[in-house]
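A short write-up of the structure that comes next.
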Amino acid sequence: MTMFGGVLFFVYELKEAAVHVAPLRWLYFQLLFCRAQKAQRLGRVFDALDIALHLEREISAVPGARLPKKLQDFLRRHLASWPAGWRCLVASYRKAELARRHLANYLAFPLADRLRIRQPKKSPPPERQGDLLVLKPCLGPREKGVIFLNFDETVDKFFAMYDVERLAHEYRIVVEPSAWGYQQARMYLLRGLDTDVVVESQYLQDYKYIDQLGGSMRPIRLGAGDWVDPDLFASGRETEKKYDLAMVANWLKWKRHKLLFQAMRQLGPSIGKVALVGYPIEGRTSKEILALAKRYGVEEKIDLYEKISAPEVAEILRSSKAGIMLSKKEGANRGIYECWFSDIPIILTSSNIGVNRDHINQETGTLADDRELAEAIRTVCQQHAEFQPRAWALHNTGWKNASHRLNEFLKKLALQQHEEWT
Numbered sequence: 014m015t016m017f018g019g020v021l022f023f024v025y026e027l028k029e030a031a032v033h034v035a036p037l038r039w040l041y042f043q044l045l046f047c048r049a050q051k052a053q054r055l056g057r058v059f060d061a062l063d064i065a066l067h068l069e070r071e072i073s074a075v076p077g078a079r080l081p082k083k084l085q086d087f088l089r090r091h092l093a094s095w096p097a098g099w100r101c102l103v104a105s106y107r108k109a110e111l112a113r114r115h116l117a118n119y120l121a122f123p124l125a126d127r128l129r130i131r132q133p134k135k136s137p138p139p140e141r142q143g144d145l146l147v148l149k150p151c152l153g154p155r156e157k158g159v160i161f162l163n164f165d166e167t168v169d170k171f172f173a174m175y176d177v178e179r180l181a182h183e184y185r186i187v188v189e190p191s192a193w194g195y196q197q198a199r200m201y202l203l204r205g206l207d208t209d210v211v212v213e214s215q216y217l218q219d220y221k222y223i224d225q226l227g228g229s230m231r232p233i234r235l236g237a238g239d240w241v242d243p244d245l246f247a248s249g250r251e252t253e254k255k256y257d258l259a260m261v262a263n264w265l266k267w268k269r270h271k272l273l274f275q276a277m278r279q280l281g282p283s284i285g286k287v288a289l290v291g292y293p294i295e296g297r298t299s300k301e302i303l304a305l306a307k308r309y310g311v312e313e314k315i316d317l318y319e320k321i322s323a324p325e326v327a328e329i330l331r332s333s334k335a336g337i338m339l340s341k342k343e344g345a346n347r348g349i350y351e352c353w354f355s356d357i358p359i360i361l362t363s364s365n366i367g368v369n370r371d372h373i374n375q376e377t378g379t380l381a382d383d384r385e386l387a388e389a390i391r392t393v394c395q396q397h398a399e400f401q402p403r404a405w406a407l408h409n410t411g412w413k414n415a416s417h418r419l420n421e422f423l424k425k426l427a428l429q430q431h432e433e434w435t
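Count the sequence shown with the numbering used here and you get residues 14 to 435, in order.
Here it is as structure tokens:
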């Protein structure tokens, strides 16, 4: 598994490098677009669209890069044939290997787990929900209910398992994606439903994309972090600071612990202890992180915490001067908001795609270019007491604020269509 994780990251880095160099980006596009065209010729409509949207997603993330005209034409043709084209897309998806795998997997689960799109667990807590929640029941033909779908893959499972066309007559859908970049075939599946589909879109570019996609799609500037419960975290303003920084991230390479260690080496005695909170994934454990820290001579300043409880994470955050997030492409991050409710500012890499930039301000933290990361760490750690992240977060985010905004948004949609809302 370690080798697999290493090879996977190598391929990812190779692709990332390629799309940022115009001639290599052209070659990358030609290879994948040929695959999309072949899938289209074979009648695999969903697979063709999935490949084309993957290209749109990758190219759109490169500053200054323009989408090739034939890719734009390809996507326009898909939309031009709707609604018949949408029914063809749904039928194609349900024949695809992905849908068949999801269906076979969940048919083996108890009914209660299938309905909630939930993985079974032994002795689960009674309050445990699944990835499908009914936020509001259908109260009749003039008052639709609301279904909430959590995570990208839940949309795939929803279309594989449910009669979504029928449900659309009785429910609105709220979707909380779990990744950056909303150029995904599942969004086209949702777009054709005969009901409002509210898509949480915390990143401005994703919001604009969903808005221009049209159809049933209704973007709202919310994200996973907006649902954090402030009561689970206490202000660390009066807590003794054991750490200069806390980084809550799994051990995958794209979380960029290496960049942190480079900055720490550059800072030398100016940086104190750093807490790294994570969990093993794809064969990478805390051993790999410690080995990497040793390469940069900062292992003595690192405290590693692996698979610890939520209260333990909260205690570490309170005991830190600041939090840090360095992944380039990550949207549905809750750790940033947990830092704010713990009353510590955040340092976010300016190369990130996915985080709501409107939430990074003089009260909550700072953006940092990779080349200036060491200086940003020094400044924020020295001035950490001047930030007011918890006060800002209590006023602008958290589950109560998010719930109110979503409720008002859904109510407005209902009333605009002359429906009732209670």
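Positions of the beta carbon are idealized from the N, C-alpha and C atoms, including for glycine.
query                                                                                                                       : result
Reduced DSSP secondary structure (H/G/I, E/B, other) of residue 152                                                         : coil
For residue 373 and residue 294, the rounded distance between their alpha carbons                                           : 29 angstroms
DSSP-derived helix/strand/coil call for residue 293                                                                         : coil
Reference residue 369, options 95, 175, 261 and 343, closest by Cα                                                          : 343
Whole-angstrom distance between residue 434 and residue 156, CA atom to CA atom                                             : 6 angstroms
C-beta contact flag for residue 387 and residue 327 at 9 angstroms                                                          : no
Residue ranges of each alpha helix (DSSP H) within the stretch 135 to 185, 4 or longer                                      : 165 to 174 and 177 to 180
Same chain only: Cβ atoms within 7 angstroms of residue 312, ignoring 5 sequence neighbours per side                        : 303 and 306
Whole-angstrom C-beta distance between residue 345 and residue 191, which should lie under 8 angstroms                      : 4 angstroms
Residue 287 and residue 273 closer than 9 angstroms at C-beta                                                               : yes
Residue 58 to residue 181 span [Cα, whole Å]                                                                                : 23 angstroms
Contact the stretch 107 to 123 vs the stretch 195 to 202: 3+ CB pairs below 8 angstroms                                     : no
Selection from 245, 424, 418 and 379 that minimises the alpha carbon distance to residue 355                                : 245
Other residues of its chain near residue 98: CB distance less than 7 angstroms, five sequence neighbours each side excluded : 91
Selection from 208, 201 and 189 that minimises the alpha carbon distance to residue 234                                     : 189
Every unbroken beta strand (DSSP E) inside the stretch 184 to 245 [3 residues or more]                                      : 184 to 189, 210 to 213 and 230 to 233
Alpha helix (DSSP H) runs wholly inside the stretch 90 to 122, at least 4 long, in chain order                              : 97 to 108 and 110 to 120
Helix, strand or coil at residue 357 [DSSP, three-state]                                                                    : coil
Straight-line Cα distance separating residue 276 from residue 391                                                           : 10 angstroms
N- and C-terminal bounds of the alpha helix (DSSP H) containing residue 404                                                 : 402 to 409
For residue 378, the nearest candidate out of 363, 80 and 240 (CA to CA)                                                    : 363
Residue 340 in three-state terms, based on DSSP                                                                             : coil
For residue 15, the three-state DSSP class (helix, strand or coil)                                                          : Summary for residue 15: the model assigns pLDDT 45, below 50, so the residue's position carries little reliability; its value from the coordinates is reported in the next sentence. The answer is helix: DSSP assigns residue 15 an H, G or I state.
Residue 322 burial status per 10 Å Cβ neighbour count (16 or more: buried)                                                  : exposed
Meets three-Cβ-pair contact criterion under 8 angstroms: the stretch 245 to 264 and the stretch 331 to 338                  : yes
Buried or exposed by the 16-neighbour rule on C-beta atoms within 10 Å, applied to residue 136                              : exposed
Integer Cβ distance of residue 421 from residue 401, believed to fall under 8 angstroms                                     : Residue 421 to residue 401, Cβ: 26 angstroms. No contact.
C-alpha gap between residue 252 and residue 367, whole angstroms                                                            : 31 angstroms
Residues near residue 301 in its chain [Cβ-Cβ closer than 7 angstroms; skip 5 each side]                                    : 264
Expected contact under 8 angstroms - CB spacing of residue 204 and residue 228 to nearest Å                                 : 4 angstroms
Alpha carbon of residue 174 to alpha carbon of residue 116, nearest angstrom                                                : 6 angstroms
Pick from 397, 61, 33 and 350 that is closest to residue 409, judged by C-alpha positions                                   : 350
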